[in-house]
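Here the protein sequences line up with chains A and B, keeping their order.
Reading the first sequence from the start, the letters are residues 298 to 479 in the numbering used here.
Reading the second sequence from the start, the letters are residues 43 to 409 in the numbering used here.
Where is the CB? At the ideal position from N, CA and C, for every residue including glycine.
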Amino acid sequence: MAKTKVLERKPLTFAEKTFIPQIIGGLKTTFGTMLKKGVTLQYPEERPVIPNNYRGVPTLVKDPNGREKCVSCQLCEFVCPPKAIRITPGEIDAEAEPDRAHVEKAPKEFDINMLRCIYCGLCQEVCPEEAIFLQDIFSLSGYSREEMVNNKAKLYELGGTLPDKHLKWDKKKAAESAGNAH
Amino acid sequence: MDILAMLLPIAFSLTMISVFMGLCSYSVLAERKVSSWIQGRVGPNRTRIPLVGHIPILGNLLTGLGIFQPAADGLKFLFKEEIIPGHVKVGYYYLAPIIALAPALTTMVVLPFGRYVDPAGVVQPLVLANIDVGILFILGVSSLGVYGIVLAGWSSNSKYPFLGAIRSSAQMISYELAMGLAILPVFMWSSAPGSEYGLSLFGVVQSQQSLWLIIWQPLSALIFLVAVFAETNRLPFDMAESETDLVGGFHTEYGCFKFGLFFVAEYAHVIMGSALFVCLFLGGWNFLPGIADPWSDNVFGTVLSVLWFMSKVFFMIFFFIWVRWTLPRFRYDQVMSLGWKILLPLAIGNLVFNTLIIAAYDHFTRN
Chain A
298 MAKTKVLERK PLTFAEKTFI PQIIGGLKTT FGTMLKKGVT LQYPEERPVI
348 PNNYRGVPTL VKDPNGREKC VSCQLCEFVC PPKAIRITPG EIDAEAEPDR
398 AHVEKAPKEF DINMLRCIYC GLCQEVCPEE AIFLQDIFSL SGYSREEMVN
448 NKAKLYELGG TLPDKHLKWD KKKAAESAGN AH
Chain B
43 MDILAMLLPI AFSLTMISVF MGLCSYSVLA ERKVSSWIQG RVGPNRTRIP
93 LVGHIPILGN LLTGLGIFQP AADGLKFLFK EEIIPGHVKV GYYYLAPIIA
143 LAPALTTMVV LPFGRYVDPA GVVQPLVLAN IDVGILFILG VSSLGVYGIV
193 LAGWSSNSKY PFLGAIRSSA QMISYELAMG LAILPVFMWS SAPGSEYGLS
243 LFGVVQSQQS LWLIIWQPLS ALIFLVAVFA ETNRLPFDMA ESETDLVGGF
293 HTEYGCFKFG LFFVAEYAHV IMGSALFVCL FLGGWNFLPG IADPWSDNVF
343 GTVLSVLWFM SKVFFMIFFF IWVRWTLPRF RYDQVMSLGW KILLPLAIGN
393 LVFNTLIIAA YDHFTRN
């Protein structure tokens, strides 16, 4: 057991009893603070620095080649604790991306209800394709409930393109052209 | 000539009132700015008036300092909806803010704020009414301000304002005594028998030409300062308001311009208290202790003396604000025990001590 040390309390001196030295000390402190620069962040003009691992609004991202990464596996929909995500799976348009069509799927609709979202980040954690990310957007507002549901277009617009280490589809194509599709 | 003699005092009074009200609104701004600096914030820095606010560099500087803020504050109070709670006593409810403000504005009549040299070569004070009993007038009238608070508390007809008013009146009574007793030694020295000034504030200022009274009578100055803080209901003595335990104290039920009047009255009291302290203890418009009056005798010297007086007053206003954001509020019983058990005996002791010294001085110098 740790030993406790009993501190001796000295009786107050006469100067201390008048409180005047203490008051002067306090005045010095506040004057010192007054001369320092303020800590206020003047919000709409000045924005805080958002750290990289910040969990903001969930967004969908594309890979550097501009392809959709989400394959509508719906894992995020299932893991989402408040059931904010709703995915309607669909096919990839064969005209636009002939080599990917009928190989992978893509979401036809992808809605995240931001009134339900709790910013837990489980969708990002569970996504096998690294397609959904909670990025640095921290302030969102709207005038109606409908406005607060982010649809697919909005999600891609918010998400943009993130650097991708894997470039899965390029590797796959390279392997296929080398005659080793699987 | 007759008409001029009648109109001039009115013109002077109107000028003084407008300057004084301007000072009040800018001390509100000073309060907001200084408090924000002390708390590491930036304070009001957005209000901008068209044209003046858009001069390239100056406009931004003025806006950043919040120079246009008082206009916005005042207009806000004017344009707010006039709400009268159902349970108040309407007549007295309206009367209270007026009674709170009027004494604070009345006291400035006898306040000398500068000096000029008349053609005969005699130094005269710049003052609306240089009456012989200036200090008595100020003490008497300024303590009437508490009636505004008491009336507000009573007419609001609810418990928090009532408690605030009761506390405020008790505090006023306790500190008035110490205040009066603290000033007595000052006047015993400055208006000795045979002196021509009597109890006028001008006389006190003139008597401090060689030595300021804060150096000569530090104990009186300290007691007076504490009592002024209490009389003006400023923190650490804002028993009347104490928003943490009494919601808003006496002005809980007040809104819009009536609250604005209370607000202005508080700052008017602060300015008057500062000016009074400067006159009594900080040498008024005398330059520095030892260097009495380096200003020349012409108009320029008069302006300089007024400016020097004003800068001292501004320092005291700043000191009031500075103390407010440094010290926490006293508990009510602490206020009472400080007033009755410490300040009052100290003031009496100080008075007796000074009396003895004066008696001894007279005794030994007479022979």
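With which residues is residue i paired in a DSSP beta bridge?
| i | result |
| --- | --- |
| A:Asp408 | A:Arg383 |
| B:Val159 | B:Val165 |
| A:Ala403 | A:Gly387 |
| A:Asn447 | A:Ile409 |
| A:Leu431 | A:Pro355 |
| A:Glu342 | According to DSSP, A:Glu342 bridges with nothing at all. |
| A:Glu374 | Answer is none; A:Glu374 lacks a bridge partner. |
| A:Thr458 | A:Lys359 |
| A:Glu365 | A:Lys359 |
With distances taken from CA atoms, which of the options is nearest residue i?
| i | options | result |
| --- | --- | --- |
| A:Lys247 | A:Tyr416, A:Phe375, A:Glu426 | Since the first residue shown for chain A is 298 and the last is 479, residue 247 of chain A is missing from the structure and cannot be characterised. |
| A:Lys380 | A:Arg344, A:Asp390, A:Gly418 | A:Gly418 |
| B:Phe271 | B:Ser198, B:Pro161, B:Arg371 | B:Arg371 |
| B:Leu170 | B:Leu255, B:Ala53, B:Met378, B:Val394 | B:Ala53 |
| B:Val246 | B:Asn172, B:Trp79, B:Leu386 | B:Asn172 |
| B:Leu288 | B:Ile256, B:Gly325, B:Ser210, B:Gly315 | B:Ser210 |
| B:Lys354 | B:Val320, B:Asp339, B:Ile97 | B:Val320 |
| B:Leu385 | B:Leu267, B:Leu181, B:Val183 | B:Leu267 |
| B:Val341 | B:Pro86, B:Pro161, B:Lys131 | B:Pro161 |
| B:Ile141 | B:Leu346, B:Ser200, B:Ile333, B:Glu308 | B:Glu308 |
| B:Asn199 | B:His129, B:Asn392, B:Val312, B:Val306 | B:His129 |
| B:Ile399 | B:Leu253, B:Ile313, B:Val228 | B:Val228 |
| B:Ala146 | B:Ala402, B:Gly315, B:Ala389, B:Val377 | B:Gly315 |
| B:Asp280 | B:Glu295, B:Leu255, B:Val312 | B:Val312 |
| A:Ser441 | A:Val376, A:Pro308, A:Asn410, A:Val303 | A:Asn410 |
| A:Ala480 | A:Asp433, A:Arg413, A:Gln371 | Residue 480 of chain A lies beyond the residue range present for chain A, which begins at 298 and ends at 479; the question has no answer from this structure. |
| B:Arg74 | B:Lys201, B:Gly64, B:Pro86 | B:Pro86 |
| B:Ile125 | B:Lys300, B:Thr286, B:Trp231 | B:Lys300 |
| B:Val61 | B:Ala114, B:Arg408, B:Val348 | B:Val348 |
| B:Gly182 | B:Thr149, B:Phe360, B:Lys201 | B:Thr149 |
| B:Ala317 | B:Pro331, B:Tyr296, B:Ile359 | B:Ile359 |
| B:Glu123 | B:Cys298, B:Glu285, B:Leu178, B:Leu388 | B:Cys298 |
| A:Phe328 | B:Val345, B:Ile363, B:Met63 | B:Ile363 |
With a threshold of 7 Å on Cβ separation, who are the neighbours of residue i within its own chain once the five nearest residues in sequence on each side are excluded?
| i | result |
| --- | --- |
| B:Met214 | Ser185, Val188, Glu273 |
| B:Asp174 | Gly240, Leu241, Ser242 |
| B:Arg366 | Arg276, Leu277 |
| B:Gly176 | Val152, Leu241, Ser242, Leu243 |
| B:Met58 | Met150, Leu170 |
| A:Val376 | Leu419, Cys420, Val423 |
| B:Pro112 | Ser67, Tyr68, Val70, Leu71 |
Spatial neighbours of residue i within its chain, please: CB distance less than 6 Å, with the 5 preceding and 5 following residues excluded, ordered by chain position.
| i | result |
| --- | --- |
| B:Ala269 | Tyr217, Ala220, Met221 |
| B:Trp350 | Trp327 |
| B:Gly195 | Pro203, Phe204, Gly206, Ala207, Phe292 |
| B:Val165 | Arg157, Val159 |
| B:Phe329 | Pro336 |
| B:Ser77 | Trp367 |
| B:Pro167 | Pro154, Arg157, Phe244 |
| B:Gly325 | Gln250, Trp254 |
| A:Asp408 | Arg383, Val446, Asn448 |
| A:Gln421 | Ile429, Phe430, Leu431 |
Between residue i and the rest of its own chain, which residues show a CB-CB distance below 8 Å, the 5 nearest in sequence each way excluded?
| i | result |
| --- | --- |
| A:Met445 | Asn410, Met411, Leu412, Leu437, Gly439 |
| B:Ile191 | Ala138, Ala142, Gly206, Ala207, Ser210, Ser211, Asn275, Ala282, Phe292 |
| A:Pro378 | Ile415, Cys417, Leu419 |
| A:Asp433 | Ile347, Tyr351, Gly353 |
| B:Ile109 | Leu71 |
| B:Pro51 | Leu170 |
Which runs of the alpha helix (DSSP H), 4 residues or longer, sit entirely within the region 192-273 of chain B? 201-232, 243-249, 255-258, 260-273
Contact between the region 54-69 of chain B and the region 311-329 of chain A: three or more CB pairs below 8 Å? no
Check whether the region 134-152 of chain B touches the region 447-467 of chain A, counting contact only when three or more Cβ pairs, one atom from each stretch, lie closer than 8 Å. no
Mind the definition here: the region 424-441 of chain A touches the region 390-399 of chain A only if three or more C-beta pairs lie below 8 Å; say whether that holds. no
Quick check: the region 348-359 of chain A against the region 96-104 of chain B, are at least 3 beta-carbon pairs closer than 8 Å? no
Entirely enclosed alpha helix (DSSP H) segments - the region 305-367 of chain B, minimum 4 residues: 341-366
Kindly confirm or deny that the region 340-356 of chain A and the region 88-97 of chain B touch, where touching means at least three C-beta pairs closer than 8 Å. no
Check whether the region 153-161 of chain B touches the region 107-120 of chain B, taking contact to mean three or more Cβ pairs, one atom from each stretch, closer than 8 Å. no
Stretch pair the region 73-89 of chain B + the region 258-265 of chain B: three plus CB contacts closer than 8 Å: no
Could I get the ranges of all uninterrupted alpha helix (DSSP H) runs contained in the region 81-124 of chain B, with 4 residues as the minimum, in chain order? 98-107, 111-121
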